[in-house]
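Structure first, commentary second.
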Amino acid sequence: QLFLYVAIILALFSIFMLFNYISVSIVSKRQAIGVLRALGCNGKDVFRMFISESLIIAFINSILAVIISLIGCVLVNSYVKNVMTISANFALYSYRQVIFTVVLCFVTAIISSIIPIVKICKEKPVKLIREP
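Structure (structure tokens):
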């Protein structure tokens, strides 16, 4: 039970960190979005640009998360077997957890891209260019 609660807290923390990183990345490029919109790009084009950036970040994040989780499970299992002399696998990491991790990364990236882009695209390009 304790490991489940710790895993949930760490997952929520990492979701918040990814959400914050992508949102701040998009909001910091307000002037660039204003220039693109003034040159004729519509909201859909801006959305495609930033969603592709977010999906690349999510892809890298999911690969690192899966690799680090696998290494962590191997280390925990070897510790349990060698130090505690229990011959059972304590930490299990199967394809179900890999799929859940990857899907969670991509859903977080998509949601964290949609929210700031919709807010920014509602504003006029002139306002975006003038305000830093």
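Every letter in the sequence shown is one number past the one before it in my numbering, and letter 92, counting from 1, is 88. C-beta: ideal position from N, C-alpha, C; glycine also.
So what's tyrosine 163 in DSSP terms, helix, strand or just coil?
Nothing can be reported for residue 163, as the shown portion of the chain is limited to -3 through 128.
Unbroken alpha helix (DSSP H) run spanning glutamine 27, endpoints
Counting from 1 along the sequence shown, the entry for residue 27 is found at position 31. Element bounds for glutamine 27: 26 to 34.
In angstroms, rounded to a whole number, what distance separates the CA positions of asparagine 106 and threonine 81?
Along the sequence shown, one-based indexing puts residue 106 at 110. Along the sequence shown, one-based indexing puts residue 81 at 85. Sequence check: residue 106 is isoleucine here, not asparagine. Roughly 44 Å between the two C-alpha positions.
Status (buried if at least 16 other CB within 10 Å, exposed otherwise) for glycine 36
Here the question's residue 36 lines up with position 40 in the sequence shown. Per the 10 Å Cβ criterion, exposed.
Run of the alpha helix (DSSP H) containing isoleucine 7, from where it starts to where it stops:
In the sequence shown, the residue the question calls residue 7 occupies position 11. The displayed chain sequence assigns alanine, not isoleucine, to residue 7. -2 to 23 is the span of the alpha helix (DSSP H), which, as asked, contains alanine 7.
Let me confirm a value: serine 48 is counted as buried when at least 16 other C-beta atoms fall within 10 Å, else exposed. Which label applies?
Counting from 1 along the sequence shown, the entry for residue 48 is found at position 52. Counting Cβ neighbours within 10 Å, serine 48 comes out exposed, since fewer than 16 surround it.
Please confirm whether any heavy atom of the ligand ZN lies closer than 8 Å to the CB of leucine 71.
This structure lacks the ligand ZN; in fact it carries no ligand of any kind.
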